[in-house]
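> Counting with my numbering, you get residues -15 to 432 for the letters of the sequence shown. Think of the CB as a built atom: it goes at the ideal place given N, C-alpha and C, for glycine as much as any other residue. What you are looking at is a predicted structure, and each value in this text was computed from that prediction instead of being measured.
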Amino acid sequence: MQRKFFTFLSYRLTRFLYFFLTTTISPIIFFRLLLSLRKNQNFFSEILNKFFGILIEIESIKAYKKSKKRIWIHAVSVGETHAAIPLMRELLSRNNDCSILLSNTTISGFNFFKTVVKKDKILADRVTHCFSPIDFIWSVKSFLNSSIPQVAIFIETEIWPNIVHELSNRKIKIVLANGRLSRKSFKIFKNFSWFSIPVLEKFSLILVQSDTDEKRYLELTNQVKIFITGNIKFDSVVSKELIRKGLEWRSFFAKKSFWLALSTRKNEEKRIFEAWYKNKPDNAILIVVPRHPERFNWVFQQAKNIGFVVIRRSEFFSHDISSNTFLNTDVVVGDSMGEIIAYATFADLALIGGSVINCGGQSPIELCSQGCPVFFGPNMSNFYGISKQLSLTYAGFEIDSYEEWISHGLNLLSDNNKFINSKKAASKFVINNKGASSLTAKKIEQLI
-15 MQRKFFTFLS YRLTRFLYFF LTTTISPIIF FRLLLSLRKN QNFFSEILNK FFGILIEIES
45 IKAYKKSKKR IWIHAVSVGE THAAIPLMRE LLSRNNDCSI LLSNTTISGF NFFKTVVKKD
105 KILADRVTHC FSPIDFIWSV KSFLNSSIPQ VAIFIETEIW PNIVHELSNR KIKIVLANGR
165 LSRKSFKIFK NFSWFSIPVL EKFSLILVQS DTDEKRYLEL TNQVKIFITG NIKFDSVVSK
225 ELIRKGLEWR SFFAKKSFWL ALSTRKNEEK RIFEAWYKNK PDNAILIVVP RHPERFNWVF
285 QQAKNIGFVV IRRSEFFSHD ISSNTFLNTD VVVGDSMGEI IAYATFADLA LIGGSVINCG
345 GQSPIELCSQ GCPVFFGPNM SNFYGISKQL SLTYAGFEID SYEEWISHGL NLLSDNNKFI
405 NSKKAASKFV INNKGASSLT AKKIEQLI
């Protein structure tokens, strides 16, 4: 009893401090938003959505509000949006009277969904799209007043105290879908259990990717229904257009092998370039796709400084680029968003960015879906279970350095039978793990 009272008191005090802190820094965040968004074409709607929680009453919002079943799905960025798409398709196919409001935090996530929805009539007709409110109490209340959802679904790990608290106060069902809890996040949750556990216990359902995630959440609380439903990203529909693009790109270059470094982080590309310069295989091209668009130009310049012949992905169809440049290219800088499938089709093998350095890695699922063997460093904490499964099936290989990636990659490519088997194992790995979106949708339907 005494412990419960202490937890309750600590939670209330922390909520007050959180409210005080977020209110105090709100002017700074507002001006930073103004500065960062002034060149963004979505500037007006982003300011209204994020800072004030206002949804502009366009036709799609009006149609959403008229639906009998209204679901708000929040996906932070591109990765979470990838997971949300098969879930949205499943929910909409099973419920004719359902409409969805999808929110994103990042501009890259927002723009990614805009490109997807252009080619998907069901999503275009029945999904309304906006930016998510910042976790200020006034923006959250305004957003919920405008959106009036019956169920709120958060994808993977995004949990905001004010949003969760306000949803709970309004008796709106809260779901964590495709949930994962890395070792690092688990430690943080445990260290601040007097605050994190009361927030988690406001959830109606926690649907997780693996038994490891289930164990970690159960260690935090047994007051919420927790189920293993698998990873929804395995159910992503692969774009045939992107596959065609990747095959077309290969035809531009008179080289034998294509090496992809995907979702690279700050200070990582220079080390990759140095390793490539010293150990570059014959007739090979390195494709580097930085995680953040604002770094595209910097990475391009770094490659030039080392002495490589460099071309940007955006220049593939430029009349200013000669055929001779394509013939002599050493490095391609992938300065595009939402084309991972094309890059995976383009490449013979791939390195997971942020896994050799300590950044937690990147999902290898899209790469594997195209039969692309993956290499990753020891720091795959965000995708630990998947990386272990890949190693066991020989669809993925753990390395300790960028030099080791090149040497091990050469060994794989030099043994054609081993290479073909690895490609098949990667594709099979994805096929064998499908079905999570259906299981997740069934659980959510019980709350609508």
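Quick one, which of Ile158, Ser177, Lys168 has its alpha-carbon nearest Lys186's?
The shortest C-alpha separation from Lys186 is found at Ile158.
> Determine whether the beta carbon atoms of Leu160 and Ile181 lie at a separation below 8 Å.
Contact flag unset, no.
> Just to confirm my understanding: we take Ser131, look at its own chain, exclude 5 residues before and 5 after, and list those with CB closer than 7 Å. What are they?
Cβ neighbours of Ser131 beyond the five flanking positions: Leu39, Trp56, Leu85.
> Since Val414 contacts Ser353 with CB under 8 Å, what's their CB separation in whole angstroms?
Val414 to Ser353, Cβ: 5 Å. Contact.
> Could you tell me how far apart the beta carbons of Gly344 and Gly338 are, in whole angstroms, since I believe they sit closer than 8 Å?
The pair is a contact, with the Cβ atoms about 6 Å apart (cut-off 8 Å).
> Short check: CB of Ser365 to CB of Ser166, under 8 Å?
Yes, Cβ-Cβ distance for Ser365 and Ser166 is below 8 Å.
> Ignore the nearest five residues each way along the sequence and tell me which others in Trp144's own chain have a CB closer than 7 Å to its CB.
Around Trp144: Asp119.
> When we look at the beta-carbon of Glu150 and count the other beta-carbons within 10 Å, is it buried (16 or more) or exposed?
Burial call: buried.
> What three-state label does DSSP hand Asn267 in the structure shown?
The answer is coil: DSSP assigns Asn267 none of H, G, I, E or B.
> Taking the alpha carbon of Ile137 as the point to measure from, which residue in Pro348, Glu198, Ala68, Gly93 has its own alpha carbon closest?
When only C-alpha atoms are compared, the closest one is Ala68.
> Go to Trp178, then tell me how far its alpha helix (DSSP H) extends in each direction, as first and last residue.
From DSSP, the alpha helix (DSSP H) with Trp178 extends over 177 to 184.
> Pair every Cβ in the stretch 279 to 292 with every Cβ in the stretch 306 to 323, then say whether three or more of these pairs are closer than 8 Å.
Contact between the stretch 279 to 292 and the stretch 306 to 323 is present, because at least three Cβ pairs lie under 8 Å.
> Helix, strand or coil: which one does DSSP assign to Gly214?
Of the three classes helix, strand and coil, the one that applies to Gly214 here is coil, per DSSP.
> Should Phe97 go down as buried or exposed, given a rule of 16 or more other Cβ atoms within 10 Å for buried?
Buried: at least 16 other Cβ atoms inside 10 Å.
> Suppose the cutoff is 6 Å on Cβ atoms and the five residues either side in sequence are ignored; what does the same chain contact list for Phe173 look like?
Ser180, Leu204, listed in sequence order.
> Can Ser375 and Glu74 be called in contact, C-beta distance under 8 Å?
No, they are not a contact pair.
> Where do the N-terminal and C-terminal ends of the alpha helix (DSSP H) with Ser298 fall, by residue?
Taken as a continuous stretch (DSSP letters only), Ser298 belongs to no alpha helix (DSSP H), as it is neither H nor E.
> Is it true that the CB of Trp243 sits closer than 8 Å to the CB of Leu226?
Cβ atoms of Leu226 and Trp243: not closer than 8 Å.
> Are Thr213 and Lys427 close, meaning C-beta to C-beta below 8 Å?
Closer than 8 Å, so yes.
> Spatial neighbours of Ile370 within its chain, please: CB distance less than 7 Å, with the 5 preceding and 5 following residues excluded, ordered by chain position.
The residues are Pro348.
> Quick check on the burial criterion: 16 or more other C-beta atoms within 10 angstroms. Buried or exposed for Ala47?
Ala47 is exposed by the Cβ-count criterion.
> Please classify Ala238 as buried or exposed, where buried requires at least 16 neighbouring CB atoms within 10 angstroms.
Under this definition Ala238 is an exposed residue.
> My parser needs the beta strand (DSSP E) runs of 3 or more residues fully inside the stretch 320 to 382; what are they?
Listed in chain order, they are 333 to 336, 358 to 360, 380 to 382.
> By the 10 Å Cβ neighbour count, where 16 or more other Cβ atoms means buried, how is Gly380 classified, buried or exposed?
Per the 10 Å Cβ criterion, buried.
> Buried or exposed: which applies to Phe15, given that a residue is buried once 16 or more other Cβ atoms fall within 10 Å of its Cβ?
Classification for Phe15: exposed.
> Decide if Ile147 is buried, meaning its Cβ has at least 16 other Cβ atoms within 10 Å, or exposed.
So Ile147 counts as buried.
> Identify which residue in Val208, Trp389, Asn88, Asp332 has its Cα closest to the Cα of Glu258.
Cα-wise, what sits closest to Glu258 is Trp389.
> Beta-carbon separation of Ile31 and Leu17 under 8 Å?
In contact: Ile31 and Leu17 (Cβ atoms closer than 8 Å).
> Have a look at Gly63, Lys240, Asp81 and flag the residue whose alpha-carbon is nearest the alpha-carbon of Leu311.
Selected option, being the one with the closest Cα: Lys240.
> Taking 8 Å as the threshold (C-beta atoms), are Ile210 and Glu198 in contact?
Yes, the Cβ-Cβ distance between Glu198 and Ile210 is below 8 Å.
> Near Arg296, what residues of its chain come up, given a Cβ to Cβ distance below 7 Å and the 5 sequence neighbours on each side ignored?
Contacts found: Phe284, Val317, Asp319.
> Alpha helix (DSSP H) containing Trp122: first to last residue?
Taken as a continuous stretch (DSSP letters only), the alpha helix (DSSP H) holding Trp122 covers 121 to 131.
> Would Asn162 be called buried (16 or more neighbouring beta carbons within 10 Å of its own) or exposed?
With 16 or more Cβ atoms within 10 Å of its Cβ, Asn162 is classed as buried.
> What is the DSSP secondary structure of Asn312, reduced to helix, strand or coil?
Asn312 falls in the helix class under three-state DSSP.
> Give the range of the alpha helix (DSSP H) segment to which Ile53 is assigned.
One point to set straight first is that residue 53 is Lys, not Ile, in the sequence displayed. It is not in any alpha helix (DSSP H) - Lys53 instead sits in the beta strand (DSSP E) that spans 53 to 59.
> In terms of alpha-carbon separation, which member of Glu382, Tyr378, Asn416 lies closest to Asn401?
For Asn401, the nearest C-alpha among the options comes from Tyr378.
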